[in-house]
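Chains as they are written, first to last, in our numbering: chain A, 1 to 98; chain B, 1001 to 1392.
Heads up: the structure comes next, in structure tokens.
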Amino acid sequence: MAVKVLIPTPLRQFTGKQPSIECNPGTVGEALGALTSSYAELRKHLYTDDGKIRSFVNVYLNDEDIRFLEKEKTRTKDGDTISIVPSIAGGSVRGSRG
Amino acid sequence: MAIRTDTLPKQEVKLSKEEILRYSRHLIMPEVGLDGQLKLRQAKVLMIGTGGLGAPLGLYLAAAGVGHLGLVDFDVVDFTNLQRQVTFSTSDVGKPKTEAAKARLSALNPAIEIEAFETRLTSENALELFRDFDIIVDGTDNFPTRYLVNDACVLLGKPNVYGSIFRFEGQATVFAYPGGPCYRCLYPEPPPPGLVPSCAEGGVLGVLPGIVGAIQAMETIKLILGIGEPLVGRLLLFDALSMRFRELKLHKNPACPACGPNRTINKLIDYEEFCGIRGEEAPAVTNGIPEITAREVKARLDHGDDLFILDVREPHEYQICNLNGKLIPLGELPRRVHELDSSREMVVHCRSGKRSADAIQFLQKAGFKKLWNLKGGVLAWADEVDPSMPKY
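Below is the structure:
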């Protein structure tokens, strides 16, 4: 079942600048698994070392936060959109580093 | 025959003739009207940050006749601000932002009261500063201040009109509205400093904060007037490149440490510690990374030493200025490491020294030994060696 995963700008550097991927998962967790197996660098930005989704990254199935559904076990269906929404802090963009 | 005014219904005229003319496009809308304009005049809004988001915000709130504006910023206007911080003019460079913004907003609307707080917002002063205001608007640019603004708003029960941006993307919502979620409901914790994008991915298209700041201004004015549907419980996402707005649901998190029933945050904390940073910028990891100054590199090159220069910035940065080094962006280093000769002595640099330190850590693991990190990057080179080199 085709599901679209939208990659936010800050994480596109790890997906070869791809803004989205399509996959055929059964659950949100499987979609994220497909994503991180294609783009291994992304993994540490999405998951902690013990495999939990990081607390500054939220994952939405359509317009609903999966923390309020069945988390990564939330089932997906054809045509769903998964959004990864990390926190961004910029306002005047001074804090450039490096 | 003269009209006997004492028999007419008593009407308190609260707006002056000049005000009626100035705000006439508000007054002729029933959703605002005279009552709404008086609400705006009585409202007290505190703007945290007078930068990219604060620019349109301040201009629109002042123009709309919001009677009391507080401006909090500790920064000074510099040339790189002018690309997006449209309250400032070239002649403002070098002035404190609050002073320059106050002058500009007062010129726009002399009838409103503007208080400039030229200070860094801290856990010590936030509650005191917020207390006198009805609405707080968060236009800051860093995680510690965002958590501080959130917690102070939750503790005082004041709405936090939130906006943030990154390159081409923006987010906006209203946090800490009665019954609504707060910032910590959405993001319980900030990213660790190492996962925050570096300047290679930083930057912003100047119009973006204009759009997001204008959304914050609109939400602020709606809250004051009590009209429409406030952006509460909804996160507005804006993607400028595809020119799409999306909306996601925000829920109050029952386990929220700031606003949940079992809250653990009952006072303001140390937000830099909470965000894992000390000071404005996390210090570059210097442990085990040998550093060399720009002057030393120049002296050694002049002496004829064989130094290989590796530039780990991005190609578009190389175009701005470079030291004629070999360009391998940090992100490409793992797959292009074979292009480098580990027998040669190498000076690695980026813009200011952080990415090159990361590159050196990687190269050390790959077996390279003769490595130097150019302290302060090309910025230091421009300061110490070649003043004609542009800085960015």
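Note that beta-carbon positions come from the ideal geometry of N, C-alpha and C, so glycine has one too.
Under the three-state reduction of DSSP, B/Thr1173 is assigned to strand. Within the DSSP bridge table, the entry for A/Ser20 names A/Leu6 as partners. Using a Cβ-Cβ cut-off of 9 angstroms, B/Glu1247 counts as an interface residue toward chain A, since at least one Cβ of chain A sits closer than that to its own. By the Cβ criterion, the segment 1165-1172 of chain B is not in contact with the segment 1067-1075 of chain B, since fewer than three pairs of Cβ atoms, one from each stretch, lie closer than 8 angstroms.
Per DSSP, the continuous alpha helix (DSSP H) segment holding B/His1316 begins and ends at 1315-1320. In its chain, beyond the 5 residues on either side, Ile1165, Phe1168, Gly1170, Ala1240 have a beta carbon closer than 7 angstroms to the beta carbon of B/Leu1208. Taking 9 angstroms as the threshold, the shortest C-beta distance from B/Arg1104 to chain A does not fall below it. Under DSSP, B/Pro1096 shares a beta bridge with B/Val1076. A straight-line Cα-Cα distance of about 29 angstroms links B/Ala1126 and B/Gln1083. Within 7 angstroms of the CB of B/Gly1331, the CB atoms of chain A belong to Gln13, in sequence order along the chain. In chain order, Leu46, Tyr47, Thr48 place their CB closer than 7 angstroms to the CB of A/Arg54, counting only its own chain and leaving out the 5 sequence neighbours on each side.
In the structure shown, the three-state DSSP call for A/Val57 is strand. B/Val1149 sits away from B/Glu1219, with the two beta carbons spaced by 9 angstroms or more. For the segment 68-88 of chain A, the set of positions with a beta-carbon nearer than 8 angstroms to some beta-carbon of chain B reads Phe68, Ser83, Val85, Pro86, Ser87, Ile88 in chain order. Within the segment 1007-1076 of chain B, the complete beta strand (DSSP E) segments at least 3 residues long are 1044-1048, 1068-1072, listed from N- to C-terminus. Counting other Cβ atoms within 10 Å of its Cβ, B/Gln1319 stays below 16 and is therefore classed as exposed.
B/Glu1247: member of the beta strand (DSSP E) spanning 1244-1249, first to last residue.
Looking at the DSSP output, B/Asn1373 shares a beta bridge with B/Glu1291, B/Val1348. Our two residues, B/Val1347 and B/Ala1366, have alpha carbons roughly 16 angstroms apart in a direct line. With contacts defined as CB atoms closer than 9 angstroms, B/Ala1064 and B/Leu1040 qualify as a contacting pair. The three-state secondary structure of B/Pro1193, taken from DSSP, is helix.
Ranked by how close their Cα comes to the Cα of A/Leu11, the residues A/Pro25, A/Phe68, A/Thr36 have A/Thr36 in first place. Contact between B/Leu1307 and B/Leu1301 holds: their C-beta atoms lie close to 6 angstroms from each other, under 8 angstroms.
In this structure, DSSP gives B/Gly1260 a state outside helix and strand, which the three-state scheme calls coil. Annotation for B/Asn1150: no beta strand (DSSP E) segment contains it, though the alpha helix (DSSP H) segment containing it runs 1143-1156. Pairing B/Gly1049 with B/Gly1139 gives a Cβ-Cβ distance under 9 angstroms.
B/Ser1106 and B/Pro1254 have their C-alpha atoms roughly 43 angstroms apart.
Between B/Ala1172 and B/Ile1215, the beta carbon gap of about 5 angstroms places them in contact (Cβ cut-off 8 angstroms). Collapsing the DSSP output to three states places B/Ile1265 in coil. Below the 7 angstroms Cβ cutoff, chain B contributes Lys1249 as neighbours of A/Glu64, in chain order. Burial state of B/Arg1025 is exposed, judged by a 10 Å Cβ sphere holding fewer than 16 other Cβ atoms.
Annotated as distal: B/Cys1256 and B/Tyr1147, with beta-carbon spacing of 9 angstroms or more. Exposed is the label assigned to B/Ser1342, since fewer than 16 other Cβ atoms lie within 10 Å of its Cβ. Among the CB atoms of chain A, one or more fall inside 9 angstroms of the CB of B/Ile1165. A distance below 6 angstroms between beta-carbons, with the five flanking residues on each side excluded, links B/Phe1238 to the following residues of its chain, in chain order: Gly1170, Phe1245.
B/Val1204 has a beta carbon lying within less than 9 angstroms of a beta carbon in chain A.
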